[in-house]
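In the numbering used here, the protein residues as written are 1 to 1123.
Even for Gly, the Cβ is constructed at its ideal location relative to N, Cα and C.
If you're wondering where the values come from, they're calculated on a predicted model, not measured in any experiment.
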Amino acid sequence: MDSSSSSLLLRRYRKDRRNLLDFIISSGLITDIRSSSDIDFDSISADYVLQCVQSGGGVLDVSRATMKHTDESIFPTMIQSKSGDSFFLLSEPDSAGSPPGRAPPPVKTNHIHRDNGSEATVSGHDFVMNHSYSVPSSSKSTKKMDLPSIGLPSLRTGLSDDDLRESAYEVLLASIACSGITIHSLENTKKDKGSRFLTGLKNRRDRRHIRSYSTENQFENIDTIRVQMQISETMNECIRQRLMQFSMRNSHVQVDLPQISIELLSGIQQNDFLIERSYTQWRKRQANVLEELFSSVNYPEMQELGILLDKIKNPEEWNVIMTPAERVEVLQAIRQVASSLSSIRSTSQIQGSSSYWNAGYHLNIRLYEKLLFGVFDILDEGQLIEEHSEYLKLVKLSWRTLGITQKIHDALYLWVLFYQFTETKEMLLLEKANLQVQKVLSTDYKEGNEEPYSDNLMCSIDENSTEIKLNLVQAIFRSISMWCESKLQDYHLHFNEKPDFLRRLVSMGLAVGTDYSGTENEVKVTNSKATGEVTTFKVKFYIERSLESACRRVDDTINLTSKLEKKHPLALLASELRLIIEKELTIFSPILSQWCSDASIIAAVHLHKYYGEKLKPFLVDVSLSEDAISVLSAAHQFEHHLIQASNSLFISDIDLYQIDKICRPIILDWLISQHERIIEWTGRAFHLEVWEPLSNQQKQASSVVEVFRIVEETVDQLFRLSLPMDISHLQALLSIIFHALDGYMQKVVSQLVDKNHLYPAPPPLTRYKETMFPIVRKKVVETLLLDEEVDDKLIGLTGSKLCVRLNTLQYMQKQINILEDGIKSSWASAMASRYSGDSKIPLETTEFVHTENESVDELFVATFDTIRDSIADAIRKFCDLIGTRVVFWDLRDSFLFRLYHGSVEEARLENLLPQVDSVLNRVCGLIDDTLRDMVVASIYRAVLEGYVWVLLDGGPSCAFSDSDIPVMEDDLNMLKDLFVADGEGLPRSLVEVESKLAHQVLNLFSLDAESVIQMLMMASENMSTGFGSEIQGQRSLDDANTLIRVLCHKKDKEASKFLKTHYHLPASSDYVDTPSYESTPKSPLGAEFLRSASVRWGEKGNSSFRLLKKRFQDVQGGSFRWT
């Protein structure tokens, strides 16, 4: 703890101790007080008082309380415990060494100790006293202040702050008494129990803002002064009595300080004090005051006078050796010296001036300062007492005694107000100090020759080994200016929590600002008339110095912070500087702009330049790295924040960091590295996929979620770089996204199987003929094997896994929209930050941005619309495959090879509808709700295709008579009703459109054989001329392929005869129809034949028919298969 803090604590402790003891004694807790005079609370033991209270409010013996306090001050503090008595050490035990091995000597009382002829005996106990002893001061001037000293000449006699305070009170009382104002004795007025001191304080606090003292009641005002000066009532009584007697003899006569001291020494005796030590200290103070004044006027016989003063200081000689007559003789000799010196005219031209004004000004100024400090409430030092106006009026009565003029008073009052502000940080005091400094600067003090006199009160200041001479006012202004400068040059530190102080302190600093351009070590005060240029320059200086200090503090800790947070120092520095500029522009610049309109621009330019100097070496050979990205991002954000915060006003004053040019290749390199990473992770996610849904609610595969997470993470990382980007970077990003998503989708689609592989091989074409001889050996329908690769794919393409793949594609379709919107939003924000506030872009910026936006839109369309189209096509393929697999693979046995086989009545469609309904329920539970209608429609189309396949390619065991057609029509209608599902399924219109072909085929079967044969002849003729309506992969009612199959499956003798005669088809009774699980042959010979054959019916149709017949025989020796 430094000396200033120690002094402050000691002062507060002494004040609180007095108040508490006074409260305890006056509260009635003690029944009786034994004392011959008033109690001096500084000299009684608090422990003794508390023991009296604890004993039931017994008798308080003041003499015993004083004796105990003396013991406590001489001997170490003891603690009684079970283990024995202990005491506190003043030194550190470790540094003091081991304790002594022998017991300490017994304490002896009533032993007289002498030291250089000085002694002090207090109530039978020894008290050591020497000439250099002084009570620790509680006053403000002896503190090691933050506020620089004004440089008054030092006191030769070592007067303490308490000495000065008590002497100042004596001077004030003498001045009041000699001015004709009666200072009454307290004996007749102090009758009440309790303390007037504490009661007066309470009353003033409770009655604040209410005028409680009448101007006519001078005694009340004088008592207020006593309370504020912290003078005990006992001492006050003695002083008032003697000074009243003195004033009666010297009414309306100017007195000086030596006269007051001599008068008090003559009238106050030892029996006026409770203890001898207090009297000795008081007498020594009076002698020191006389010595200080006499030595200042260069009295020629000072050595002889010093001997007389030493006698006063020596307690043994004064109290014991000298007789009363000798003491009177000493004081009379000193009085004569003082009278002769006071008669010497002062060098000032002020009326009534004394030689002590100039010679003892350093003491007079200190005493007057103590009086001015009395305007502050001792219980709340940041507030003025309510009666401060009356207080100051009484204080002014001491002007003639102390040589104070209006100018000196105004300057010292300014000093006192500002000093108290520095101690309490009370805004009200700073406001009053601002008003006071304006008063000092605006008042004309030339009247009455005040200015020459005050200019001669010199202060000496040692600065940089050079002594600077200043008059008192200049010294006060310089001290305040230096304090203000020290704070304003680092206002980021000192006004961080209380920025309101800054405005008033800048006003103060500019008002008392000093100009060191004077010659011969002179300091000129630049008053409020200073030019605006000087004011602007000083505020600019404050801004730059404060920012330098703030940056220096950041720079001192940035390396350590970098190691702890594992971030590059330049990145951290940019973040810290951003916080500084935010605080500067939002808190401080609005205040400083009152004196400097460009305050915000100055701050922005300074920080931009500061960081630019740090950043420049880093940018020389910067390359792609984590540090480079973090630093460039932080630098870009910092610069952009400066531009926006200052409304781009400072751009013309700086050189931009050119981060955009530096970042362009670095961002591209980063994107390239991310592209490789994304492709690798996408492939890994697909390879590990097992195509199971994530949950009942999330029916897509986990791999697609991982793919989009990687893509979105890359997008976020790019825009979180906060680096300036252009369209080339967007193009690279979209290219990465396209390759990642398209690559994943292509991998999913590559697992598809061509649905044509799922169609069963059509049985051989036969003509209907009933079996005549059942025991005859029949032919078996041949089957073909699937390719091994196709077979492996089909094993993994179960219905549930197909649904998961389909859901995955639908999830991609949804997420692409979200991804696109997110990228557009981030890009718009990046571009807005890039161009906002930038005044250095060309005039054609608007057209450039518009053109760039069009290019950006084209990029988004080319990328995401292409992916959407590809996904939509893949979804259609998967839907078709699901429908085809359900009907032609999963339901092959029960549907294709059971429906209408043998007999229509025995193998109707209604027997198969529960299986179809079960499949529909299972599929709808596996797919996403948005895909339900599409997948169900695909299954419906596949069921209709299978139904038509049964009608046309059902094989030898499928033949339909005319009576079967209505039944089959009913089956088809039931199938449509199943998919309509009472309005909860597919739309009726869609169901009707899709079933149109099936109805038309049934209509062909309802025709007679002759009509179908005629249609076949016409279709053959159209095929030969190239006008056939057959479409690749689709059935048509008027093509020969369909019509021949109708005749093959028709129970009609004429149709059978026609097929036997013209096509030599075998009878259906010759075959055993077994189901085939394999696909169609790779070379559909029958279809190829029909597509190449030209069949003409009519008058010239014989040659065409013979050609068609020959081809039938060439293809497979009379046994022909149709596709």
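Proximity winner among the options, relative to residue i (alpha-carbon distances)
{"i": "F501", "options": "E431, R664, S486", "result": "E431"}
{"i": "E326", "options": "S340, Q336, K311", "result": "K311"}
{"i": "Q438", "options": "M458, A411, C459, F421", "result": "A411"}
{"i": "Q731", "options": "Y657, V861, A981", "result": "V861"}
{"i": "S27", "options": "V49, D146, M67, V62", "result": "V49"}
{"i": "D964", "options": "P956, V904, K446", "result": "V904"}
{"i": "G158", "options": "L859, K1053, Q281", "result": "Q281"}
{"i": "S1036", "options": "L997, N1022, D1008, Q1014", "result": "L997"}
{"i": "L1016", "options": "L1007, H999, D1038", "result": "D1038"}
{"i": "P693", "options": "I672, S600, N807, S479", "result": "N807"}
{"i": "T224", "options": "V980, E386, D256", "result": "E386"}
{"i": "D716", "options": "S826, S465, F638, G799", "result": "S826"}
{"i": "G306", "options": "A287, T323, E316, W318", "result": "A287"}
{"i": "L309", "options": "I643, D890, L265, V1012", "result": "L265"}
{"i": "R1045", "options": "L951, S45, V804", "result": "L951"}
{"i": "I268", "options": "Q1014, V948, R242", "result": "R242"}
{"i": "N853", "options": "M831, S870, I871, F864", "result": "M831"}
{"i": "Y169", "options": "S232, E220, E945", "result": "S232"}
Element boundaries [beta strand (DSSP E), containing residue i]
{"i": "C958", "result": "Taken as a continuous stretch (DSSP letters only), C958 belongs to no beta strand (DSSP E), as it is neither H nor E."}
{"i": "T466", "result": "466-471"}
Chain-order list of residues whose beta-carbon lies under 7 Å from that of residue i (same chain, five-residue window excluded)
{"i": "L794", "result": "V753"}
{"i": "E969", "result": "L1002"}
{"i": "A628", "result": "V622, I666"}
{"i": "T422", "result": "D146, L147, W483"}
{"i": "D669", "result": "L624"}
{"i": "H388", "result": "V375"}
Cβ-based neighbour list, residue i, same chain, cut-off 6 Å, excluding 5 preceding and 5 following
{"i": "V289", "result": "S167, S261"}
{"i": "D455", "result": "N471"}
{"i": "G374", "result": "Q228, M229"}
{"i": "G151", "result": "C459, S460, I461, A475"}
{"i": "A1009", "result": "D1052, E1054, A1055"}
{"i": "R898", "result": "A907"}
{"i": "I580", "result": "A550"}
{"i": "G539", "result": "The question names Gly, but residue 539 is Val in the sequence shown. So the list reads L592, W595, C596, once near-sequence residues are dropped."}
Strand pairing of residue i, partner residues [DSSP]
{"i": "A1067", "result": "R767"}
{"i": "C459", "result": "L470"}
{"i": "V59", "result": "D32"}
{"i": "K877", "result": "Partner(s): none; K877 has no beta bridge."}
{"i": "K425", "result": "K425 pairs with nothing; no bridge assigned."}
{"i": "K1050", "result": "F960"}
Any non-hydrogen atom of the ligand FAD closer than 6 Å to residue i Cβ
{"i": "Q332", "result": "This structure lacks the ligand FAD, and indeed carries no ligand of any kind."}
Residue interval of the alpha helix (DSSP H) (run including residue i)
{"i": "N288", "result": "276-296"}
{"i": "I678", "result": "659-687"}
{"i": "I262", "result": "257-267"}
{"i": "M248", "result": "233-249"}
{"i": "L570", "result": "569-583"}
{"i": "E533", "result": "532-565"}
{"i": "F495", "result": "Note, F495: premise wrong, no alpha helix (DSSP H); not H, not E."}
{"i": "V53", "result": "46-54"}
{"i": "V631", "result": "626-645"}
{"i": "R898", "result": "Run containing R898: none; DSSP gives neither H nor E here."}
Residues near residue i in its chain [Cβ-Cβ closer than 8 Å; skip 5 each side]
{"i": "L155", "result": "E292, H362, L363, R366"}
{"i": "E770", "result": "S1069"}
{"i": "T798", "result": "none"}
{"i": "Q1032", "result": "Annotation note: pLDDT 46 at Q1032 (below 50); position unreliable, no value reported."}
{"i": "H1049", "result": "Y768, L951, L952, G954, C958, A959, F960, F1005"}
{"i": "D47", "result": "K68, E72"}
- Item | Secondary structure, alpha helix (DSSP H): runs of 4+ residues fully inside the region 362-415 | 388-395, 399-402
- Message: For a minimum of 4 consecutive residues, which ranges assigned as the alpha helix (DSSP H) are wholly contained in the region 702-764?
- Response: 702-720, 727-749
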